[in-house]
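Asker:
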Amino acid sequence: MFYLYIFTYLLLAHLLADFVFQPYSLVVWKHKSWKGVLLHTVILLVLSVAFFGPVLLTEASQKPNFWAVGVLFLNAGLHFLM
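For the sequence shown, position 35 (counting from the first letter as 1) is numbered 34 according to numbering that gives the first Met the number 0, and the numbering increases by one without interruption.
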């Protein structure tokens, strides 16, 4: 069940980054320059961190969950490459 929450958080962040927080000017910039793709990736990463926040810290010790941080950066990196 935990993995379903992770998938849901990432999917929601992805949908918001691709539709709500991506105006037409950013779409055009993405097609012209890698800097537009980088900005879109940063927006995706910020939204992912916002939705993924409860998972980023382990409940017992309040230390970062490095597995979760790795998933976020892997997702953003793959999004940038695609």
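Every residue, glycine too, gets a C-beta built ideally from N, C-alpha and C.
1) Could you give the C-beta distance for residue 16 and residue 55, rounded to a whole number, given that I count them as a contact under 8 Å?
2) Quick check on DSSP: helix, strand or coil for residue 74?
3) DSSP three-state label for residue 22, please.
4) Using CA atoms only, rank isn't needed, just tell me which of 33, 19 and 21 is closest to residue 81.
5) Hey, would you say residue 23 sits closer than 8 Å to residue 50, going by beta carbons?
6) Rounding to the nearest angstrom, what Cα-Cα distance links residue 13 and residue 46 in this structure?
Answerer: In brief:
1) The residue given as residue 16 occupies position 17 in the sequence shown. The residue given as residue 55 occupies position 56 in the sequence shown. The pair is not a contact, with the Cβ atoms about 18 Å apart (cut-off 8 Å).
2) For the purposes of this step, residue 74 is identified with residue 75 of the sequence shown, where counting begins at 1. It is helical.
3) As a position in the sequence shown, residue 22 is number 23, starting the count at 1. DSSP places residue 22 in coil when its eight states are reduced to three.
4) Along the sequence shown, one-based indexing puts residue 81 at 82. Of the candidates 33, 19 and 21, the one whose C-alpha sits nearest the C-alpha of residue 81 is 33.
5) Here residue 23 refers to the residue found at position 24 of the sequence shown. Here residue 50 refers to the residue found at position 51 of the sequence shown. No, these two residues do not count as a Cβ contact at 8 Å.
6) In the sequence shown, counting from the first residue as 1, residue 13 sits at position 14. In the sequence shown, counting from the first residue as 1, residue 46 sits at position 47. C-alpha separation (whole angstroms): 8 Å.
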